[in-house]
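Numbering (the working numbering), first residue to last: 16 to 267.
Working notes for the structure below.
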């Protein structure tokens, strides 16, 4: 065990800068892929490639800062310090205001913490970066498990959405939304009703992340009405749906 302790610290002190740089970049790629895969599995904007590139980019900037400082005798953290400012703009770009709510805060925070891990790895602490990556993954998974534990297991309920088909364009938008929220094909059916179409959807409305699909569909301007079905918390959802659909048609 004592033989492994030096490798848990600064690798720049154990290897030549070129060898340590290679090891650190590969460690950064691994950490970025681990965090990115978790975000990709949740269909988030900053997915596998984006998060991996952020982590690797932060590591490369830090290594470049150390290399330049070694040749010029300047501050080794000068370039790396600018990563904090630059990544803040990238994280802010992932945060948007949509339908009166702020979305993308978790994505922005993930970008920020991934960059911090990349800087730490670039400074020579690959083991620390990998450990912190596992902590970040545990926090993300733990929050999801905690939500399910406090809210209870998923309970599927049904509701009908009547909409204007718009020559088939609305159906394509609906299918895209259902796919994004991973609603199985067996849990929804589409049927014709006079000049309109009706999609019957079965989904969980207990957990916020699951019932978000209802609000997404309710915001479509083509939606005419949503039947109560047996939705738990149906009053809040239907009230929101009526306000959203009415507001969208008022702006057309």
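Ideal Cβ positions, reconstructed from N, Cα and C, are used throughout, including at glycine.
Predicted model, so just to flag it, every value in this text is computed and none were measured.
Inset, instruction - Below 7 Å CB to CB, which residues in the same chain sit around residue 55 once its five sequence neighbours on both sides are set aside? - result: Here residue 55 is taken as the residue at index 40 of the chain shown, counted from 1. Same-chain partners within the cutoff: 62, 63.
Legend entry - Whether residue 132 touches residue 121 by CB criterion (8 Å): Translated into positions along the chain shown, residue 132 becomes position 117. Translated into positions along the chain shown, residue 121 becomes position 106. Going by C-beta atoms, residue 132 is not nearer than 8 Å to residue 121.
Legend entry - Those residues which DSSP pairs with residue 214 across a bridge: Your numbering for residue 214 matches position 199 in the chain shown. Answer by DSSP bridge pairing, in chain order: 176, 205.
Inset, instruction - Provide the residue(s) that pair with residue 240 in DSSP beta bridges, ordered along the chain. - result: Within the chain shown, residue 240 is the residue found at index 225, counting from 1. Beta-bridge pairing links residue 240 to 177.
Legend entry - At least three beta-carbon pairs within less than 8 Å, the region 77 to 87 to the region 24 to 43: Contact holds: three or more Cβ-Cβ distances are below 8 Å.
Inset, instruction - Output the residue ranges of the alpha helix (DSSP H) runs that lie fully inside the region 37 to 93 and measure 4 residues or longer, sorted by chain position. - result: 63 to 87
Legend entry - Residue closest to residue 242, alpha-carbon to alpha-carbon, out of 227, 202, 178: Along the chain shown, read from residue 1 onward, the residue named residue 242 stands at position 227. When each option's Cα is compared against that of residue 242, the closest is 178.
Inset, instruction - Can you check DSSP and say which residues form a bridge with residue 219? - result: Counting from one through the chain shown, the residue named residue 219 turns up at place 204. BP columns for residue 219 point to 171.
Legend entry - Straight-line gap, residue 77 to residue 52 (C-alpha atoms, nearest Å): Position 62 of the chain shown, counting from 1, holds the residue named residue 77. Position 37 of the chain shown, counting from 1, holds the residue named residue 52. For residue 77 and residue 52, the distance between alpha carbons rounds to 24 Å.
Inset, instruction - Evaluate residue 102 with the Cβ neighbour count: other Cβ atoms within 10 Å of its Cβ, from every protein chain shown; 16 or more gives buried, anything less gives exposed. - result: Translated into positions along the chain shown, residue 102 becomes position 87. It counts as buried.
Inset, instruction - Quick one: residues in its chain with C-beta nearer than 7 Å to the C-beta of residue 67, no 5 flanking neighbours on either side, listed in chain order? - result: Reading the chain shown from its first residue, position 52 is the one you call residue 67. 44, 47, 48, 51.
Legend entry - For residue 192, the three-state DSSP class (helix, strand or coil): Counting from 1 along the chain shown, the entry for residue 192 is found at position 177. Three-state DSSP puts residue 192 in a helix.
Legend entry - Uninterrupted alpha helix (DSSP H) stretches inside the region 95 to 142 (no shorter than 4 residues): 120 to 137
Legend entry - Top-ranked residue by Cα proximity to residue 213, from 191, 199, 220, 240: Taking the chain shown and counting its residues from 1, the one referred to as residue 213 is at position 198. Of the candidates 191, 199, 220, 240, the one whose C-alpha sits nearest the C-alpha of residue 213 is 240.
Inset, instruction - Give a yes or no on whether 8 Å exceeds the smallest Cβ distance from residue 232 to chain D. - result: The structure shown contains no chain D, having only a single protein chain.
Legend entry - Nearest neighbour of residue 3, chosen from 42, 185, 217, 210 [CA to CA]: Here the chain covers residues 16 to 267 and nothing more, so residue 3 does not appear.
Legend entry - Beta-carbon proximity of residue 219 to residue 189, cut-off 8 Å: In the chain shown, counting from the first residue as 1, residue 219 sits at position 204. In the chain shown, counting from the first residue as 1, residue 189 sits at position 174. In this structure, residue 189 does not lie closer than 8 Å to residue 219 by Cβ.
Inset, instruction - Give me the Cα-Cα distance between residue 25 and residue 152, rounded to the nearest whole angstrom. - result: In the chain shown, the residue the question calls residue 25 occupies position 10. In the chain shown, the residue the question calls residue 152 occupies position 137. C-alpha separation (whole angstroms): 23 Å.
Legend entry - Cβ shell of residue 261 (< 6 Å), same chain only, five flanking positions each side left out: Within the chain shown, residue 261 is the residue found at index 246, counting from 1. With a pLDDT of 45 at residue 261, under the threshold of 50, the predicted position of this residue should be treated as unreliable, and no value is reported.
Legend entry - Whole-Å CB distance - residue 139 paired with residue 39, under 8 Å assumed: As a first step, residue 139 is located in the chain shown; it is residue number 124 there, counting from the start. As a first step, residue 39 is located in the chain shown; it is residue number 24 there, counting from the start. Right, their Cβ atoms sit about 7 Å apart.
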